[in-house]
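Participant: In the working numbering, the protein residues as written are 5 to 412.
Shown below is the structure under consideration.
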């Protein structure tokens with residue numbers, strides 16, 4: 005399968021700027037760029053599909069450039085509803101450093117920072133050399149700008165399109181970069197860059213966009229209760245990533261395997277058949293989680309995430325270290341323990357239950373477990389000696405609510 009057909013099969017092409025692009029993609033040899041602004045100090049799962057395209061195209065004979073928007077990140081691209089909060093220069097610089105290291109470690113491709121070529125352009129040169137090529141009516145017709153006109157848009161946001169177009173022109177002239185790849189929400193900025201290249205130097209450039217990856221109900225993929233799932237394992241552990249991925253919607257998992265893994269068409273189609281025949285095994289989900297975590301964090305981290313996941317539902321949790329538990333359950337509520345304590349008292353003082361009566365009812369109803377062992381006696385003494393590594397208890401209330409009891 006040629007690269008254009010593969011990208012289409014994987015659902016990774018939404019719009020193309022020219023019918024010539026199919027032949028050019030299949031022919032190899034294009035230098036292209038894909039970028040992100042330093043809005044955080046790590047990429048998140050929602051970024052991954054677009055950045056994986058750089059590797060797919062590299063394997064097909066193209067030359068990728070990864071752009072970190074040190075200049076554009078200082079002003080922020082327009083959002084559909086309101087202006088972005090302006091980040092401090094110090095925060096932007098920190099994020100640039102972190103993202104540059106992250107994408108270099110993950111992909112090993114050339115990384116550039118648009119601040120390097122935008123920082124020395126003064127206002128008059130900006131208006132004379134670039135602004136004169138942009139018709140206001142043309143800019144107002146771009147979807148993201150049009151949607152903001154009713155609520156208002158600042159000149160800072162409005163100028164973002166010109167800066168991104170300037171990036172494409174610079175990379176075209178300096179690195180023979182003839183193609184840009186981005187999410188579908190960047191279509192207006194991308195075509196502005198192609199038009200600037202044509203108007204200013206009379207050359208043709210190309211681009212294609214990818215559909216934004218969403219869940220079944222249209223929410224951005226990789227968002228969990230409003231929080232991003234970060235690619236940095238120190239911000240989102242491999243276990244947390246694993247739990248999210250093995251719980252994605254059944255009727256979306258095959259699409260995600262196409263988008264987020266390098267498994268072949270035959271391998272994914274076999275998983276699809278198995279998923280339809282035996283959905284209870286969740287083989288496709290487990291494969292999705294293993295493939296993504298192995299790519300991001302390595303095989304050892306994938307093995308560890310699987311081990312912790314299995315241990316959650318068995319007494320094997322005793323075989324985990326306190327470090328494993330603390331690192332991978334860092335976002336759940338914690339109860340600090342200073343000395344041995346009766347279980348019913350622990351549940352109340354730790355705000356796990358609202359009263360001793362509720363605590364006793366839950367304990368006697370087999371709804372409380374310590375390290376996956378049901379405790380049926382309210383006067384059970386919770387001691388440091390029985391904790392994992394003499395330090396940690398995983399406390400489970402009901403079927404899904406977890407707490408950490410930690411001896412100091």
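Cβ coordinates follow ideal geometry from the N, Cα and C atoms, glycine included.
Given the structure is predicted, the values throughout are model-derived calculations rather than measurements.
Suppose the cutoff is 8 Å on Cβ atoms and the five residues either side in sequence are ignored; what does the same chain contact list for residue 46 look like?
Facilitator: Position 42 of the chain shown, counting from 1, holds the residue named residue 46. Cβ neighbours of residue 46 beyond the five flanking positions: 102, 103, 106, 234, 235, 236, 239.
Participant: Whose C-alpha, out of 54, 333, 353, is nearest the C-alpha of residue 342?
Facilitator: The sequence position of residue 342 within the chain shown is 338, counting from 1. The shortest C-alpha separation from residue 342 is found at 353.
Participant: Would you identify the three-state DSSP class for residue 342, choosing helix, strand or coil?
Facilitator: As a working mapping, residue 342 is identified with position 338 in the chain shown. Here residue 342 sits in coil by DSSP.
Participant: If we define contact as Cβ-Cβ less than 7 Å, is residue 410 a contact residue for chain B?
Facilitator: The structure shown contains no chain B; it holds only a single protein chain.
Participant: Would you list the one or two residues that DSSP bridges to residue 48?
Facilitator: Taking the chain shown and counting its residues from 1, one reaches residue 48 at position 44. According to DSSP, residue 48 bridges with 234.
Participant: With a Cβ-Cβ cutoff of 7 Å, do residue 42 and residue 77 count as a contact?
Facilitator: Along the chain shown, read from residue 1 onward, the residue named residue 42 stands at position 38. Along the chain shown, read from residue 1 onward, the residue named residue 77 stands at position 73. Contact flag set, yes.
Participant: Figure out for me which residue from 368, 197, 394 has the closest Cα to the Cα of residue 174.
Facilitator: Within the chain shown, numbered from 1, the residue matching residue 174 stands at position 170. Here the closest residue by C-alpha is 197.
Participant: Run through the segment 325 to 372 for me and flag every whole beta strand (DSSP E) of 3 or more residues, listed as ranges in chain order.
Facilitator: Qualifying beta strand (DSSP E) stretches, in chain order: 337 to 341.
Participant: Would DSSP call residue 315 helix, strand or coil?
Facilitator: Position 311 of the chain shown, counted from the start, is the residue given in the question as residue 315. In the structure shown, residue 315 sits in a helix (DSSP, three-state: H, G or I).
Participant: Please list, in chain order, all residues of the same chain as residue 396 whose beta carbon is under 8 Å from its beta carbon, the five residues on each side excluded.
Facilitator: Within the chain shown, numbered from 1, the residue matching residue 396 stands at position 392. If we look at residue 396 and ignore the five residues flanking it on each side, its Cβ neighbours are 326, 329, 330, 408, 409, 410, 411.
Participant: For the beta strand (DSSP E) containing residue 411, list its first residue and its last residue.
Facilitator: Walking along the chain shown from the start, residue 411 turns up at place 407. Note, residue 411: beta strand (DSSP E), 405 to 411.
Participant: When the Cα of residue 190 is compared with those of 203, 164, 29, which residue comes out closest?
Facilitator: Here residue 190 refers to the residue found at position 186 of the chain shown. Considering only alpha carbons, the answer is 164.
Participant: Of the residues 245, 120, 179, 263, which one's Cα is nearest the Cα of residue 312?
Facilitator: Residue 312 sits at position 308 when you count from the first residue of the chain shown. With distances taken between Cα atoms, residue 312 lies closest to 245.
Participant: In or out: residue 5 buried (at least 16 other Cβ within 10 Å) or exposed?
Facilitator: Working through the chain shown from its first residue, we reach residue 5 at position 1. Classification for residue 5: exposed.
Participant: Terminal residues of the continuous beta strand (DSSP E) containing residue 399?
Facilitator: Start at 1 with the first residue of the chain shown, and residue 399 comes out as number 395. Unbroken beta strand (DSSP E) run through residue 399: 396 to 401.
Participant: Counting only the same chain and skipping the five closest in sequence on each side, list residues whose C-beta sits under 8 Å from that of residue 14.
Facilitator: Start at 1 with the first residue of the chain shown, and residue 14 comes out as number 10. Once the five neighbours on either side are set aside, the close Cβ partners of residue 14 are 262, 263.
Participant: Using a Cβ-Cβ cutoff of less than 6 Å, which residues in the same chain neighbour residue 373 once the five nearest sequence positions on both sides are dropped?
Facilitator: For the purposes of this step, residue 373 is taken as the residue at position 369 of the chain shown. Taken in chain order, the residues that qualify are 400.
Participant: For the candidate residues 213, 214, 140, 118, whose alpha-carbon lies nearest to that of residue 170?
Facilitator: Residue numbering aside, residue 170 sits at position 166 when the chain shown is read from its first letter. Per the Cα distances, 118.
Participant: State yes or no: is the C-beta of residue 67 within less than 7 Å of the C-beta of residue 21?
Facilitator: Within the chain shown, the letter at position 63 stands for residue 67. Within the chain shown, the letter at position 17 stands for residue 21. No. Outside cutoff.
Participant: Please state whether DSSP places residue 6 in a helix, a strand or coil.
Facilitator: Mapped onto the chain shown, residue 6 falls at position 2. Correct three-state label for residue 6: coil.
Participant: Which of helix, strand or coil does DSSP assign to residue 490?
Facilitator: Nothing in the structure corresponds to residue 490, since the chain is present only between 5 and 412.
Participant: Under 8 Å, with one C-beta from each stretch per pair, do the segment 128 to 143 and the segment 89 to 100 reach the 3-pair mark?
Facilitator: Segments in contact, no.
Participant: Any idea what DSSP makes of residue 413, helix, strand or coil?
Facilitator: Look at the range of the chain in this structure, 5 to 412, and you will see that residue 413 is not part of it.
Participant: Can you list, in chain order, the stretches of the beta strand (DSSP E) that have 3 or more residues and sit fully within the segment 174 to 218?
Facilitator: Correct list: 181 to 187, 210 to 214.
Participant: With a threshold of 7 Å on Cβ separation, who are the neighbours of residue 391 within its own chain once the five nearest residues in sequence on each side are excluded?
Facilitator: Locating residue 391 in the chain shown gives position 387, where the first residue counts as 1. The residues are 397, 411.
Participant: How do the segment 250 to 261 and the segment 213 to 223 stand: do at least 3 beta-carbon pairs fall below 8 Å, yes or no?
Facilitator: They touch, by the three-pair rule.
Participant: With DSSP as the reference, label residue 376 as helix, strand or coil.
Facilitator: What you label residue 376 is simply residue 372 of the chain shown in a count that begins at 1. Note: residue 376 maps to coil in three-state DSSP.
Participant: Measure how close the beta-carbons of residue 293 and residue 249 come, nearest whole angstrom, since I'm counting them as under 8 Å.
Facilitator: Locating residue 293 in the chain shown gives position 289, where the first residue counts as 1. Locating residue 249 in the chain shown gives position 245, where the first residue counts as 1. About 4 Å separates the two Cβ atoms, so the contact holds.
Participant: How big is the Cα-Cα spacing for residue 281 and residue 335?
Facilitator: The sequence position of residue 281 within the chain shown is 277, counting from 1. The sequence position of residue 335 within the chain shown is 331, counting from 1. About 35 Å.
Participant: Any idea what DSSP makes of residue 15, helix, strand or coil?
Facilitator: In the chain shown, the residue the question calls residue 15 occupies position 11. Looking at residue 15 - three-state DSSP - the assignment turns out to be coil, as it is neither helix nor strand.
Participant: What would DSSP say about residue 153, mapped onto helix, strand or coil?
Facilitator: As a first step, residue 153 must be located in the chain shown, where it is residue number 149. In the structure shown, residue 153 sits in coil (DSSP, three-state: anything other than H, G, I, E or B).
Participant: Can you tell me where the beta strand (DSSP E) holding residue 36 begins and where it ends?
Facilitator: Within the chain shown, the letter at position 32 stands for residue 36. Counting along the chain, the beta strand (DSSP E) containing residue 36 begins and ends at 35 to 40.
Participant: Report the option in 108, 380, 140, 73 whose CA atom is closest to the CA atom of residue 122.
Facilitator: Walking along the chain shown from the start, residue 122 turns up at place 118. Checked all of 108, 380, 140, 73; the closest Cα to residue 122 is 73.
Participant: Buried or exposed: which applies to residue 406, given that a residue is buried once 16 or more other Cβ atoms fall within 10 Å of its Cβ?
Facilitator: To locate residue 406, count along the chain shown from 1; it is residue 402. Label assigned to residue 406: exposed.
Participant: Buried or exposed for residue 243, please, with buried defined as at least 16 other CB atoms from any protein chain shown within 10 angstroms of its CB.
Facilitator: Taking the chain shown and counting its residues from 1, one reaches residue 243 at position 239. Result: buried.
Participant: Evaluate the contact criterion for the segment 204 to 218 versus the segment 175 to 187: three or more CB pairs, one atom per stretch, below 8 Å.
Facilitator: As far as the Cβ criterion goes, the segment 204 to 218 touches the segment 175 to 187, which means the pair count is three or higher.
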